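Structure record follows, encoded as structure tokens.
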Amino acid sequence: MMKYICKAIGKQEGQAMVEMAMVLPILLLLFMGIFEVGRIMGAYMIISDLARDGVRHGVVGYSDQQIVELINNQRIWLDADRMDIDINAITGERRRGEPLEVTVRYSLPLVAPFISAIIPNPFPLESRCYMRIE
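The structure is reproduced here in structure tokens:
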């Protein structure tokens, strides 16, 4: 009787190992996807904040160069070489009451393998903000 019980337990341990081998790649892919989505959301929040800060400083009289320096100083962990900053007065010149637009574009490189088969690598992010010149 004990002989049959030991055989049954041994088969169940092997079954659990096979199940784990089948499920582990899916779990790893899921965790890597969650990690990358978190990085994408964090980078988008940063560039949105940078665009908002840039346009706010632009409407109170900062020059384009000062706005670019401000954005580059506040970019936290984002690489400056992957960032593109556009500052445009919609009507062509900065006059009181006219809108000012600041656009920040960033190409976020993905670090998790196999995720780039699902989403583009580098992942393009863009944020625009408009305000009236004071």
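Per this note's numbering, the sequence shown runs over residues 152 to 285.
By construction, the Cβ of each residue, glycine as well, lies at the ideal position given by its N, Cα and C atoms.
Here the structure is a predicted model, which means the values were calculated and not measured.
Would you mind giving the Cβ-Cβ distance between residue i and residue j, rounded to the nearest angstrom? I have them listed as a contact below 8 angstroms.
{"i": "Asp204", "j": "Gln217", "result": "That belief does not hold up - the Cβ atoms of Asp204 and Gln217 are roughly 12 angstroms apart, past 8 angstroms."}
{"i": "Ala263", "j": "Glu187", "result": "5 angstroms"}
{"i": "Ile198", "j": "Glu249", "result": "At roughly 24 angstroms, the Cβ-Cβ gap does not stay under 8 angstroms, so Ile198 and Glu249 are not in contact."}
{"i": "Leu251", "j": "Val210", "result": "5 angstroms"}
State the start and end residues of the unbroken alpha helix (DSSP H) segment that holds residue i.
{"i": "Leu221", "result": "Asp215 to Asn224"}
Out of curiosity, what's the CA-to-CA distance linking residue i and residue j?
{"i": "Met234", "j": "Ala202", "result": "12 angstroms"}
{"i": "Pro273", "j": "His208", "result": "29 angstroms"}
{"i": "Met192", "j": "Arg245", "result": "32 angstroms"}
{"i": "Pro176", "j": "Met183", "result": "10 angstroms"}
{"i": "Gly189", "j": "Leu261", "result": "11 angstroms"}
{"i": "Asp200", "j": "Ala194", "result": "10 angstroms"}
{"i": "Pro271", "j": "Ile227", "result": "23 angstroms"}
{"i": "Met196", "j": "Ile236", "result": "16 angstroms"}
{"i": "Ile266", "j": "Leu180", "result": "8 angstroms"}
{"i": "Ile185", "j": "Leu178", "result": "11 angstroms"}
{"i": "Ala310", "j": "Met282", "result": "Because the chain is modelled from 152 through 285, residue 310 falls outside the range shown and cannot be assessed."}
{"i": "Ile241", "j": "Ser214", "result": "15 angstroms"}
{"i": "Asn239", "j": "Arg247", "result": "14 angstroms"}
{"i": "Val206", "j": "Ala167", "result": "57 angstroms"}
{"i": "Leu229", "j": "Gly165", "result": "47 angstroms"}
Can we say the segment 164 to 172 touches the segment 218 to 227, given the rule of at least three CB pairs closer than 8 angstroms?
-> no
Taking one C-beta from the segment 251 to 260 and one from the segment 270 to 283 each time, how about it: are there three or more such pairs within less than 8 angstroms?
-> Yes: the two stretches touch, three or more of their Cβ pairs being nearer than 8 angstroms.
Which ranges does the beta strand (DSSP E) cover as unbroken runs of at least 3 residues, wholly within the segment 208 to 282, from first to last along the chain?
-> 234 to 240 and 250 to 259
What alpha helix (DSSP H) runs, 4 residues minimum, are completely inside the segment 167 to 208?
-> none
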